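Report on one structure; see the data block that follows.
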Amino acid sequence: MYKKIAVIFLACIILITCITATPAHAARVSMSAPVGATVSVEGTQFIVKWKNPADVVQLAQSAYKNYDGFVSFIVDWRVNNGPWHYDYEVPGEQDFLVYYSSMPYNFFGNLCDASGSISVPQTTIDKVLVGVPYKSPITEWLKKNNVEFRVRYLYNYTDRNSWEPV
Numbered sequence: 104m105y106k107k108i109a110v111i112f113l114a115c116i117i118l119i120t121c122i123t124a125t126p127a128h129a130a131r132v133s134m135s136a137p138v139g140a141t142v143s144v145e146g147t148q149f150i151v152k153w154k155n156p157a158d159v160v161q162l163a164q165s166a167y168k169n170y171d172g173f174v175s176f177i178v179d180w181r182v183n184n185g186p187w188h189y190d191y192e193v194p195g196e197q198d199f200l201v202y203y204s205s206m207p208y209n210f211f212g213n214l215c216d217a218s219g220s221i222s223v224p225q226t227t228i229d230k231v232l233v234g235v236p237y238k239s240p241i242t243e244w245l246k247k248n249n250v251e252f253r254v255r256y257l258y259n260y261t262d263r264n265s266w267e268p269v
């Protein structure tokens, strides 16, 4: 009788230990999309602005506060329905930031700044990077060409035991 009670007690302890060992907030499968994205032209630059949905802001602040990782934005574009500029699949388990290490800062950024505050959701992209010829005004180029922008989120989270990206 005591053996059965001891086995049940031990099983309960193991079960409770396993439950508490699971992360408090595991990686999400999906996040809401940016809201109200707009693009305007000022001089030689495209100005891309958007609003961050509440669930994305909450996840970014939670990840920052708990040292679980970070949520970033990625601004991408394509010209005349061609391929997206940053549409390459990251091979295997390679880290996104390592694979796209040459990505200019204005195409990519963390939602939380160094103090944990949500950064302003906008960026500027020079016309030459999109493919507009240097001597051509953007408004003239847009009469013959089409450019689309998109903003995506990336949740890069870490294993708290090894601090390696997951």
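Okay, so the sequence shown: first residue is 104 according to the numbering used here, each after it adds one. Each residue gets a CB set at the ideal place from its N, CA and C atoms; glycine is no exception. Predicted model only: the values in this text are computed from it and were never measured.
Taken through DSSP and simplified to helix, strand or coil, ALA140 comes out as strand. Between TRP153 and PRO224, the gap from beta carbon to beta carbon is short of 8 Å.
Here the C-alpha atom of VAL144 lies approximately 21 Å from the C-alpha atom of PHE176.
Distance from the CA atom of LYS247 to the CA atom of SER239, rounded to whole angstroms, is 12 Å. Judged by DSSP secondary structure, LEU162 falls within the alpha helix (DSSP H) whose first and last residues are 157-168. VAL178 carries a strand assignment under DSSP once its states are collapsed to helix, strand and coil.
Per DSSP, the continuous beta strand (DSSP E) segment holding VAL250 begins and ends at 250-260. Counting the other CB atoms within 10 Å of its CB gives VAL138 a total below 16, which places it among the exposed residues. Beta-bridge partners assigned by DSSP to LYS152: THR141 and GLN225. Comparing alpha carbon positions, the residue from SER222, SER218 and VAL182 closest to LYS230 is VAL182. LYS168 sits close to GLY219, with the two beta carbons spaced by under 8 Å.
A distance of 8 Å or more separates the beta carbons of VAL174 and ILE228. Excluding its 5 nearest sequence neighbours in each direction, TRP187 has C-beta neighbours in its own chain below 6 Å: ASP179 and ARG181, listed in chain order.
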